[in-house]
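Worksheet for the structure shown next.
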Amino acid sequence: MRSRFLTASAVLALAAGLTACGSTSEPTTPNADAGPVKLTVWVMRDSFTDGVVNRFKTDFEATHQGTTLDIQIQEWDGIGQKVTSALASNDAPDVIEVGNTQVAEYAASGGVRDLTDKVAELGGTDWIPGLAEPGKIDGRQYGIPWYAANRVVIYNKELFEKAGVAAAPKTRDEWIDITTKLNKGGTQGIYLPGQNWYTLAGFIWDEGGDLAVKEGDQWKGTLDTPQAIAGIGFYQKLQALGEGPRDSDEAKPPQADVFAKGDVAQLISSPGGATAIEKANPALAGKLGFFPIPGKTADKPGAVFTGGSDLIIPEASKNPDAAYEVVKALAGEKFQLDMAKEMSYVPNKASFANVLAGSEGAAAMAIGATNGHATPNSANWAAVEAKNVIKEYMTKILTGGDPATEGAAASQVITDILNTKS
């Protein structure tokens with residue numbers, strides 16, 4: 006399932022400012038012989054402000070004469086079944102926003118239009134990997150990358166200064182050294198709960214490993230590989246430089262509330278976490294900094310899970326060509342830059358990232374997104390998450406379990422789930 010990184014209040018707090026979109030395109034018509042076309046577009050609750058949506062609708066209708074957009078806001082609760090039912094119906098919407106990790110599940114139903122032949126026209130070579138890869142199933146592109154968010158390190162500038170730390174770390178080794186220096190005198194070097202598995206995934210990817218791989222037509226869990234063992238080893242080393250619980254995740258207790266007490270130097274979160282911290286402790290306003298999760302070497306940021314949304318066109322759309330024009334516009338430069346400036350999301354192309362330079366948190370997020378990854382592209386991956394396989398594996402290791410033994414056991418569970426036929 007898609008991870009919702011930023012709440013509406015958070016993205017508004019991070020907003021770099023409103024940017025109005027004037028139309029510079031020549032008006033076009035969807036089909037001169039077809040007459041007026043009304044397209045239904047499903048967009049998820051809190052994805053965008055009304056301003057972003059209304060500017061797009063006004064501009065699109067002005068530049069595509071004869072086309073009317075009915076943009077319908079959907080709730081995340083129960084959306085999976087609603088989309089699945091829509092894809093199987095004869096009355097589907099024309100364009101749907103879906104979580105990037107949900108594309109495989111929906112594509113497996115056979116109700117999603119194959120857009121592989123549009124990738125070149127859409128500039129797919131520049132798409133950020135964590136959005137593009139989940140949208141590609143068996144070499145075919147079903148989901149078109151739309152926008153993303155990923156984790157960064159939020160830090161307390163006062164505690165860094167007090168410890169004599171003048172610059173953010175660029176490598177993992179520097180990160181450990183700095184965090185060790187911070188972790189003394191009543192200060193936690195970092196608050197990292199034991200079940201923050203998205204962060205662990207990044208460390209495993211940095212080592213060249215993965216959570217699971219596909220061999221032929223079968224999936225295999227890979228938490229027992231040397232790369233995964235190295236990744237959990239680094240996680241264990243970093244997690245020990247603070248007092249994060251080993252048996253819970255960042256929501257229990259809310260890590261923003263822990264950080265807000267003022268004695269934690271760092272945590273790993275989306276930039277929107279800063280808003281929650283400042284709300285809990287207004288005295289920290291203006292005292293928070295951001296940097297990308299460090300990589301193994303200074304020339305490349307650490308790998309991160311890229312959460313976000315893709316766009317799909319149902320096979321049952323009555324106007325697939327006109328629907329593609331909507332997708333093309335939403336994935337294009339004009340909308341992407343407007344959206345990124347107002348929402349502080351990472352746009353879908355690496356070449357657009359500089360639009361976020363005015364926001365420290367968003368800029369750090371954009372740097373991290375260049376090394377973005379996604380969870381294994383299986384329709385059954387949601388079941389792995391629901392069973393908390395990786396979370397339980399992490400706790401067992403952090404409380405003394407053998408990484409190879411526990412990794413093998415967790416890998417077998419993942420293998421069984423991913424190879425279960427629906």
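Note that the sequence shown covers residues 6 to 427 in the working numbering.
Every residue gets a Cβ at the ideal spot worked out from N, C-alpha and C, and that includes glycine.
Of the residues the options, which one's Cα is nearest the Cα of residue i?
i, options, result
"Ala91", "Lys392, Ala355, Thr45", "Thr45"
"Glu102", "Leu120, Asp122, Val124, Gln77", "Gln77"
"Phe264", "Asn161, Ala113, Gly129", "Asn161"
"Glu390", "Asp96, Arg50, Thr106, Phe61", "Thr106"
"Met399", "Gln86, Ile234, Pro41, Ala113", "Ile234"
"Leu316", "Ala288, Pro98, Trp180", "Pro98"
"Gly148", "Ala413, Glu138, His378", "Glu138"
"Thr204", "Trp132, Gln241, Gly116", "Gln241"
"Pro276", "Ile298, Leu342, Asp268, Thr54", "Ile298"
"Gly377", "Lys392, Gln260, Ala154", "Ala154"
"Ala270", "Phe310, Gly249, Gly214", "Gly249"
"Asp229", "Pro41, Asp222, Gly406", "Gly406"
Give the secondary structure of residue i by DSSP, where H, G and I count as helix, E and B as strand, and everything else as coil.
i, result
"Thr184", "helix"
"Val5", "No statement about residue 5 is possible, as the shown extent of the chain runs from 6 to 427 and does not include it."
"Ala388", "helix"
"Val170", "coil"
"Ile237", "helix"
"Ala93", "coil"
"Arg177", "helix"
"Ile76", "strand"
"Leu23", "Confidence at Leu23 is low in this model, with a pLDDT of 24, below 50, so its placement is unreliable and no value can be given for it."
"Asp315", "strand"
"Trp224", "strand"
"Ala256", "strand"
"Ala414", "helix"
"Leu293", "strand"
"Asp38", "For Asp38, the predicted structure reports a pLDDT of 44, less than 50, and the residue's modelled location is therefore unreliable. The matter cannot be settled from this model."
"Gly129", "helix"
"Pro299", "coil"
"Lys333", "helix"
"Gly140", "coil"
"Gln86", "helix"
"Leu164", "helix"
"Pro250", "coil"
"Ala230", "The residue you asked about is not Ala; residue 230 is Thr in the sequence shown. In the structure shown, Thr230 sits in coil (DSSP, three-state: anything other than H, G, I, E or B)."
"Asn382", "coil"
"Ala358", "helix"
"Asp407", "coil"
"Thr280", "helix"
"Asp326", "helix"
"Thr425", "coil"
Distance, Cα to Cα, residue i vs residue j?
i, j, result
"Glu365", "Ala93", "44 Å"
"Gly129", "Asp326", "19 Å"
"Val157", "Asp178", "17 Å"
"Lys225", "Ala217", "5 Å"
"Gly247", "Leu272", "10 Å"
"Trp202", "Glu126", "36 Å"
"Lys354", "Gly191", "43 Å"
"Ala112", "Val88", "11 Å"
"Ile209", "Ala409", "14 Å"
"Ala362", "Gly85", "35 Å"
"Gly71", "Lys123", "23 Å"
"Lys396", "Gly199", "8 Å"
"Thr184", "Phe340", "40 Å"
"Gly313", "Leu136", "7 Å"
"Gly83", "Asp51", "16 Å"
"Asp119", "Lys141", "10 Å"
"Glu163", "Lys292", "7 Å"
"Glu110", "Pro150", "16 Å"
"Leu289", "Gly278", "13 Å"
"Gly115", "Ala321", "11 Å"
"Ala387", "Thr380", "10 Å"
Which residue comes first and which comes last in the beta strand (DSSP E) that contains residue i?
i, result
"Pro150", "149-154"
"Thr45", "42-49"
"Lys219", "217-220"
"Ile101", "100-104"
"Val108", "Premise fails: Val108 lies in the alpha helix (DSSP H), 108-112, not in any beta strand (DSSP E)."
State the start and end residues of the unbroken alpha helix (DSSP H) segment that holds residue i.
i, result
"Glu347", "338-348"
"Val269", "That residue, Val269, is in no alpha helix (DSSP H); it is neither H nor E in DSSP."
"Asn59", "55-68"
"Leu136", "134-137"
"Gly373", "365-374"
"Trp438", "There is simply no residue 438 to check, as the chain begins at 6 and stops at 427 in what is shown."
Please find out if some non-hydrogen atom of the ligand FMN comes closer than 7 Å to the beta-carbon of residue i.
i, result
"Gly337", "As for the ligand FMN, it is missing from this structure, which has no ligand bound."
What are the residues that DSSP puts in a beta bridge with residue i?
i, result
"Gly194", "DSSP output for Gly194 lists no bridge partner at all."
"Gly377", "Val309"
"Val157", "Ser274"
"Pro352", "Tyr152"
"Gln146", "Lys141"
"Val117", "Pro319"
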